[in-house]
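Numbering (the numbering used here), first residue to last: 14 to 351.
Don't be surprised by glycine CBs; every beta carbon is placed ideally from N, CA and C.
It should be emphasised that the depicted structure is a prediction, and the values quoted were computed from it without experimental measurement.
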Amino acid sequence: MTHTSRTAESQYRPFSSGLTSNDSHLRQTEIAELCFGSESVNGPVKVKLHDSATLPCSERCSGLARWTVFHKRSDPLAECDQTSCRSVKEGYQMIHDQYLKGNLSLIITDADFSKRGWYTCDCASKDICDVHLQIEPLNTTVEMMAGESLILRVDVSDAVDVIYNSAGTPGPSSGPICTVDGPSLQCKPEYTQRSSLTSGVELRRMAPSDSGVYTVMNSRNKEVIHTYTVTVQDVQQSSIWKDGYQKGNSDGYQKGSEDGYRNGLGIGAGVFGVIALALGVILGMFAGPRVRHLMGLCVQTFRGEDPSDRKRGNPSGGLQAEDIESGVALARALQPEL
Numbered sequence: 014m015t016h017t018s019r020t021a022e023s024q025y026r027p028f029s030s031g032l033t034s035n036d037s038h039l040r041q042t043e044i045a046e047l048c049f050g051s052e053s054v055n056g057p058v059k060v061k062l063h064d065s066a067t068l069p070c071s072e073r074c075s076g077l078a079r080w081t082v083f084h085k086r087s088d089p090l091a092e093c094d095q096t097s098c099r100s101v102k103e104g105y106q107m108i109h110d111q112y113l114k115g116n117l118s119l120i121i122t123d124a125d126f127s128k129r130g131w132y133t134c135d136c137a138s139k140d141i142c143d144v145h146l147q148i149e150p151l152n153t154t155v156e157m158m159a160g161e162s163l164i165l166r167v168d169v170s171d172a173v174d175v176i177y178n179s180a181g182t183p184g185p186s187s188g189p190i191c192t193v194d195g196p197s198l199q200c201k202p203e204y205t206q207r208s209s210l211t212s213g214v215e216l217r218r219m220a221p222s223d224s225g226v227y228t229v230m231n232s233r234n235k236e237v238i239h240t241y242t243v244t245v246q247d248v249q250q251s252s253i254w255k256d257g258y259q260k261g262n263s264d265g266y267q268k269g270s271e272d273g274y275r276n277g278l279g280i281g282a283g284v285f286g287v288i289a290l291a292l293g294v295i296l297g298m299f300a301g302p303r304v305r306h307l308m309g310l311c312v313q314t315f316r317g318e319d320p321s322d323r324k325r326g327n328p329s330g331g332l333q334a335e336d337i338e339s340g341v342a343l344a345r346a347l348q349p350e351l
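This is the structure in structure tokens:
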């Protein structure tokens, strides 16, 4: 395979625009077979970002087998011979046991956008396999408020187009809106004043009418890199929803607080009543006889009886001196005017 043959393939690529993905794949395979002659041209290998990728190649090779990227043919990635295999570049490997069986596949441990493209395996300097590695498009859903900025990441160093589709299907407002080529950003007039190139293509002051699907696509081979499904919510509608949400929370909190307060009072009163009843029973059991005895002394005092005389007349009456003194003190406390 020569550089001329690969260039010939790129000249045919524009004819595949407008075809379905299956038709495009068939056209590229037919062209590759025409350009590469007897080389084994496998279908594209498509993996998710940062997944492992295996580029297949099944050929017997008794000499040195090595893998390279097409535009860096003098810079091998991994290679095998009859004795061993070597990973020349980190992240690329071949398996020696498989090499001896005629499986010359290349394993890429972390496939990212920088590793997209054509890879070639040669045996004893003869090209035997060509494989195209693709990364599955990224899909991101964005919900935002009117007036905010939308940033569309540019994940590749190649030139890309940003295509807007207002309803997910072709329409009057659909089509390319910006092109990024290195540090250069070119946008349609209606986007020029509110677009800039920061960490991606930034579109400022988004409005509900800007809702739709934004596709970041490779300008050269029309490969989809990233798709954004964007919904821009009107500020007024969002404020109504927010106010309703806050009011619902506030009403619920207030009602919960009132119910909790009432329930708390009821429970507290019940507990207090039980404690008071228990204290009353205890006091009645231990203090009742003493209180009745003192009250008897008070009654005697009010009647004018002399407790000491009663004690002399009836030595077994059971009144003690300290009882008499306590009764007199209690009577005076209850009748301060006496």
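Compute the Euclidean distance between the alpha carbons of residue i and residue j, then round it to the nearest angstrom.
i      : j      : result
Ser222 : Cys74  : 60 Å
Lys128 : Gln249 : 46 Å
Met219 : Ile148 : 29 Å
His109 : Asp64  : 22 Å
Tyr105 : Arg99  : 9 Å
Arg217 : Leu90  : 43 Å
Ser138 : His84  : 16 Å
Val226 : Glu203 : 18 Å
Phe126 : Lys102 : 17 Å
Asp140 : Tyr132 : 11 Å
Ser208 : Ser162 : 9 Å
Ser87  : Thr81  : 8 Å
Asn55  : Thr205 : 43 Å
Asn152 : Ile121 : 23 Å
Ala69  : Gly115 : Checking the sequence, you will find Pro at residue 69 rather than Ala. Taking the straight line from one Cα to the other gives about 11 Å.
Ser187 : Ser97  : 55 Å
Gly130 : Leu62  : 14 Å
Ser197 : Cys136 : 42 Å
Out of the options, state which residue places its alpha-carbon closest to the alpha-carbon of residue i.
i      : options                        : result
Gln215 : Arg86, Ser97, Gly160, Cys134   : According to the sequence as given, residue 215 is Glu; it is not Gln. Of the listed residues, the one whose Cα sits closest to Glu215 is Gly160.
Pro57  : Glu236, Thr244, Thr240         : Glu236
Ser71  : Gln199, Ile164, Met107         : Met107
Asp247 : Ser209, Ser224, Ser170, Ser232 : Ser224
Ser179 : Tyr241, Arg86, Glu103, Pro89   : Tyr241
Ile176 : Lys201, Pro196, Ser162, Met158 : Lys201
Arg233 : Thr211, Ser208, Val169         : Val169
Met158 : Arg207, Thr244, Ser138         : Thr244
Gln199 : Ser97, Ala172, Val155, Thr81   : Ala172
Asp174 : Leu68, Trp80, Gly213, Leu62    : Gly213
Asn231 : Asp88, Pro150, Val101          : Pro150
Gly76  : Pro69, Ser87, Gln95, Leu62     : Gln95
Thr67  : Ser87, Asp123, Pro196, Gly115  : Asp123
Val155 : Ser186, His239, Ile121         : His239
Val167 : Thr205, Leu210, Gly188, Leu62  : Leu210
Return yes when the Cβ of residue j is within less than 7 Å of the Cβ of residue i, no when it is not.
i      : j      : result
Tyr112 : Cys134 : no
Ala78  : Leu119 : no
Leu165 : Val229 : yes
Quick one: is residue i near chain C, going by C-beta distance under 7 Å?
i     : result
Asp64 : Absent from the structure is chain C; it holds one protein chain and no more.
- Query: Are the segment 188–201 and the segment 129–146 in contact at 8 Å, needing three or more beta carbon pairs?
  - Reply: no
- Item | Every unbroken beta strand (DSSP E) inside the segment 43–127 [3 residues or more] | 58–60, 66–68, 78–82, 91–93, 98–100, 119–121
- Query: Could you give the uninterrupted runs of the beta strand (DSSP E) lying entirely in the segment 152–177, keeping only those of 3 residues or more?
  - Reply: For the segment 152–177, whole beta strand (DSSP E) runs of length 3 or above, ordered along the chain, are 163–166.
- Item | Ranges of the beta strand (DSSP E) found wholly within the segment 211–245, counting only runs of at least 3 | 213–216, 225–231
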